[in-house]
Amino acid sequence: MNKTKRYELVAPDGGYGFVILIAVTINMAILGTHLNSYGIIYNNYFIELGMKSTYITFLCGISAMFAALSGFLTAPLLRVLSMRQTVLLGALFYNCGVFCTIFAEHKIIFLIFQGVFQNIGYGLIFNISNTITTNEYFVKKRILAISVTQTIVAFVAFIEPHIFKLTTEWYGHRGTLIIVCAISVHSFFAGVLMQPVAWHMKIEEIPYETEMKLLLKEHTEMSQKTPADINAGRNLEIKDKESFIHRVRRILDMELIKSYSLSVECVGPGICLIIDLTYMYMIPSAFNSFGWSEGDVAWAFTLVALGDVLTKIFLIVISKWFNKYGSNRVYIFGIILTLAARLGITSFDNMTAALTLFTILGVSRCILFIFFCVGDS
C-alpha cells in the first residue's frame, strides 16, 4: 500500500544555531563581566560615594527587581517587537546604564543608572539569550549547547577578576568602567546576529507510526467539538475589533500568569538567583573587613570561576545522562551544596579552607544557573 509521506519542521540543532551560540556567548560574557567581578569593579565606587552595606543591599534589591520585571516583560514585548529588536532594546538600556554610571557623583544617580537602566537591559538580554533563543534552536542537544556556551563564558570569568584588579590599579575605577563600557557595546553586534528560528527550521519526514498517532489525536479533538464551539470560532475570525482590555490581557498572557503551578515553580529559582546576586555583590566589602586584600578577593572570584568552568566541562561529557534522567534532583543538590559552601566560608578563619570552599561555590553556582535554564518543569 502506498503511503503519502508527511513532513514536519523541527529545530535545527546546529546550522545557524552555532551562530546563535556565538551571539549568546558574547551576551553572557558581557553580563558575566559585571556579575562575577562586580565587587572588584565597583568597590571603590561604593567607598567614594559613601555607600554602606545597607545601601548596597538596597541597590541589589532594586537591581534584582528591575531585572526580573524586564525579564517578565520579555514575552509581551516579543508580541509587538521581533527577537532582534528586543535584544537591541536591551543592549541600549544596558549600555546606557554602564556609560552613565561612569559620570555618577551621587548615590541616587548611581542607583538610577546602575540599578534601573542597566538591569532592565540585563533582564531582556539574559532572558532571550538563555531561555528563548537557545531553547528554540536546540532541542536534542540543548544541554550540550548551553554547557558549551557557559563553559566559554566561565573561561572568560576565570581571568577577568585579575584583569580588572590590574586596570583598577592602573586606570582607577572610572577608567576600568570605561573599559567595561567598551566591551559591553559588543552586545549590539550579538543582537544583530539574532534571527527567528522559523528562518532556519529543518524539514524532516514524519515516521509512519508518529503520523498515525497525530492523525488519531486530530480526529479525537475534532470529534469532541460541538457546533457551538465551531460557530464561536467562526465568529471570532470574523470579529475585527477587540477591546483594549482584551488586547492587554492577550499581550500579557494572563492565562499563563494565573496558572498556579507555574507561579509556584518560579518562586524557588527566583529566590536562589536573587540571593546569589546579593552574595556576589557583598563579597568584596565583607571580606575586606575580614582583613583580605584586593588580591585575595580576586583569587576568590577566580576560584569561583574555576569551579564553574570545571563543572560545565563535566556537564558536557555527561549531557546525555541528564537528558535521560532529568535535572530536578541535580538542581536540589546544587541548592544544598550552595548553602553548605556559604556557611563554611563564613565559619572558617583559615584562608586556604575558605578559598577551597569558594571553588565548591563555583560548582554549585554552575548547577543552579545551568539547570535553571533547562529544568524539566
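Offset between the sequence shown (1-based) and the numbering used here: plus 1448.
Using N, Cα and C, we set each Cβ at its ideal position, and we do this for glycine too.
Around the beta carbon of H1621, a 10 Å sphere encloses 16 or more other beta carbons of the protein chains shown; the residue is thus reported as buried. Nearest C-alpha to Y1486 among V1628, A1602, R1532, F1574: V1628.
Counting only the Cα atoms, L1816 lies some 6 Å from Y1779. For Y1727, the closest C-alpha among the options A1552, G1810, L1497, Y1585 is that of G1810. If you ignore the 5 residues before and after V1745, its C-beta comes within less than 6 Å of the C-beta of P1732, F1735, all in its own chain and listed in chain order. The distance from the Cβ of A1593 to that of L1507 is about 33 Å, inconsistent with a contact at the 8 Å cut-off.
Bounds of any alpha helix (DSSP H) do not take in A1552, whose DSSP letter is neither H nor E. Annotation for L1805: A1789, G1792, I1793 place their beta carbon closer than 6 Å to its own, counting only its chain and skipping 5 residues before and after. Spanning the alpha carbons of A1748 and V1528 requires a straight line of approximately 43 Å. The Cβ neighbour count for R1777, taken over all protein chains shown within 10 Å, is under 16; the residue is labelled exposed. Segment contact: the region 1492-1510 against the region 1561-1581, three or more CB-CB distances shorter than 8 Å; contact assigned. The region 1519-1535 and the region 1613-1620 do not touch, with fewer than 3 CB-CB distances between them shorter than 8 Å. Residue nearest to K1500 within the set L1625, S1737, A1471 is S1737 (criterion: CA-CA distance). Nearest C-alpha to L1758 among T1502, I1808, G1739: I1808. Classified as buried, T1599 has 16 or more neighbouring CB atoms from the shown chains inside 10 Å of its CB. Between I1783 and F1612, the C-beta spacing is not below 8 Å. Taking C-alpha positions only, C1548 is separated from G1623 by approximately 13 Å.
Secondary structure note for M1513: its alpha helix (DSSP H) is the uninterrupted segment 1501-1520. The C-beta distance from G1519 to N1575 rounds to 4 Å, short enough to fall under 8 Å.
Distance between L1521 and S1632, taken at the CA atoms: about 22 Å. The beta carbon of T1786 lies closer than 6 Å to those of S1812 in the same chain, with the five residues before and after it left out.
Contiguous beta strand (DSSP E) elements confined to the region 1595-1657 occur at 1650-1653, taking only those with 3 or more residues. Taking C-beta atoms as the reference points, S1595 and L1763 count as a pair closer than 8 Å.
Distance from the CA atom of G1743 to the CA atom of P1609, rounded to whole angstroms, is 9 Å. If you check the CB distance, F1514 and G1563 come in under 8 Å.
The straight-line gap separating the alpha-carbon atoms of M1730 and Q1643 is approximately 38 Å. One alpha carbon belongs to I1560, the other to I1766, and they sit about 43 Å apart. A distance below 6 Å between beta-carbons, with the five flanking residues on each side excluded, links L1540 to no residue of its chain.
With at least 16 other beta carbons inside 10 angstroms of its own, I1478 counts as buried. Around the Cβ of L1751, a 10 Å sphere holds 16 or more other Cβ atoms; the residue is buried. In the displayed model, V1811 falls within a helix according to three-state DSSP. For V1546 and T1502, the gap between their C-alpha atoms comes out near 22 Å.
Burial is judged here by how many other beta carbons sit within 10 angstroms of a residue's own beta carbon; D1797 has fewer than 16 and is exposed.
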